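Peer 1:
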Amino acid sequence: RRAREKAENILKNAEERAKKMIETAETKAREELRSKIEPEKLVLKRRILGKAVMDGRKAVILAKNEVIEKAFEKALEKIRALTDSDLYREFLVKSLKKAVEEFSDIGGEEELIVYANERDLEFLREKTRELYPSVKLKFRKGDFIGGIIVMDSAEKRVFYDTIESRFEALRPVLREKVASLLFKGGEEK
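Numbering (this note's numbering), first residue to last: 708 to 896.
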């Protein structure tokens, strides 16, 4: 009986030690797993936050670009409204003079082709008869807001002075100014 009790005690102690060893091993395994998972969770969390921040910035930039483009559209609408003014007609005459000067080296024999929008064609015809009676000009309808495009008859040399070309040339500078005005120093670029 004592041997049996002793055997049972030994077995019981062994089971308790085994149970404690298992618990210790499980705790250690959980801690090890946690220590490996935590950095990965942190990296994943940072990655997700970084992507969210980038997506947010991208959305802000796209929204700012949309606002700037609408400002440009409104500016062009206002410019279009000014194409019925004396100031605009002065611009057309100056453009025509620059173009004729630009092509002065080709002589009076070659014909120049002048593109203008339909509204400006008659005005330009009258002005060229008045200013350049000896210059041969052919007029054609162009599809732009205002200004002129002039080329030699071989269409090798071209003089552009349209509202759109001027506007596009100024767009980068205007873009910065518009962004600055709209977004108070906006880092929009």
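Backbone N, C-alpha and C fix where the C-beta goes; we use that ideal spot for every residue, glycine too.
This one's a predicted model, so the numbers in the text were calculated from it and none came from an experiment.
If the criterion is Cβ atoms closer than 7 Å, does the pair A823 and I852 meet it?
Peer 2: As a position in the sequence shown, residue 823 is number 116, starting the count at 1. As a position in the sequence shown, residue 852 is number 145, starting the count at 1. No, the pair does not count as a contact, with Cβ atoms beyond the cut-off.
Peer 1: Check the DSSP bridge columns for V821 and list the partner residues they point to.
Peer 2: Position 114 of the sequence shown, counted from the start, is the residue given in the question as residue 821. Bridge partners of V821: F846 and V857.
Peer 1: Report the three-state DSSP secondary structure of T835 (helix, strand or coil).
Peer 2: Within the sequence shown, numbered from 1, the residue matching residue 835 stands at position 128. Residue state, collapsed to three classes: helix.
Peer 1: Measuring CB to CB, does I870 end up less than 7 Å from I786?
Peer 2: Counting from one through the sequence shown, the residue named residue 870 turns up at place 163. Counting from one through the sequence shown, the residue named residue 786 turns up at place 79. The answer is yes: Cβ separation under 7 Å.
Peer 1: Would you tell me roughly how many angstroms separate the C-alpha atoms of I729 and S742, rounded to the nearest one?
Peer 2: Numbered from 1 along the sequence shown, position 22 holds the residue referred to as residue 729. Numbered from 1 along the sequence shown, position 35 holds the residue referred to as residue 742. The alpha-carbon atoms of I729 and S742 are separated by roughly 19 Å.
Peer 1: Using DSSP bridges, identify the partner residues of F798.
Peer 2: Taking the sequence shown and counting its residues from 1, one reaches residue 798 at position 91. BP columns for F798 are empty, so no partner.
Peer 1: Just the C-alpha distance for T790 and K765, rounded to the nearest angstrom, thanks.
Peer 2: Against the sequence shown, residue 790 aligns to sequence position 83. Against the sequence shown, residue 765 aligns to sequence position 58. Cα-Cα distance, rounded: 37 Å.
Peer 1: Under the assumption that L838 contacts L799 (Cβ atoms under 8 Å), give the Cβ distance between them as a whole number of angstroms.
Peer 2: Numbered from 1 along the sequence shown, position 131 holds the residue referred to as residue 838. Numbered from 1 along the sequence shown, position 92 holds the residue referred to as residue 799. With 8 Å as the limit, L838 and L799 do not qualify as a contact, their Cβ atoms being about 11 Å apart.
Peer 1: T869 by DSSP, collapsed to three states: which one?
Peer 2: Taking the first residue of the sequence shown as 1, we reach residue 869 at position 162. Strand.
Peer 1: Please report the Cβ distance between L828 and F846, rounded to the nearest whole angstrom; I am assuming they are in contact, meaning their Cβ atoms lie under 8 Å.
Peer 2: Within the sequence shown, residue 828 is the residue found at index 121, counting from 1. Within the sequence shown, residue 846 is the residue found at index 139, counting from 1. Going by Cβ atoms, the distance from L828 to F846 rounds to 5 Å, so yes, they are a contact pair.
Peer 1: Taking just the CA atoms, how far does L794 sit from E894?
Peer 2: On the sequence shown, position 187 is the one that residue 894 refers to. On the sequence shown, position 87 is the one that residue 794 refers to. Note that E894 has pLDDT 49, beneath the 50 cutoff, so the model's placement of it is unreliable and the number below is only indicative. Roughly 35 Å separates the two Cα atoms.
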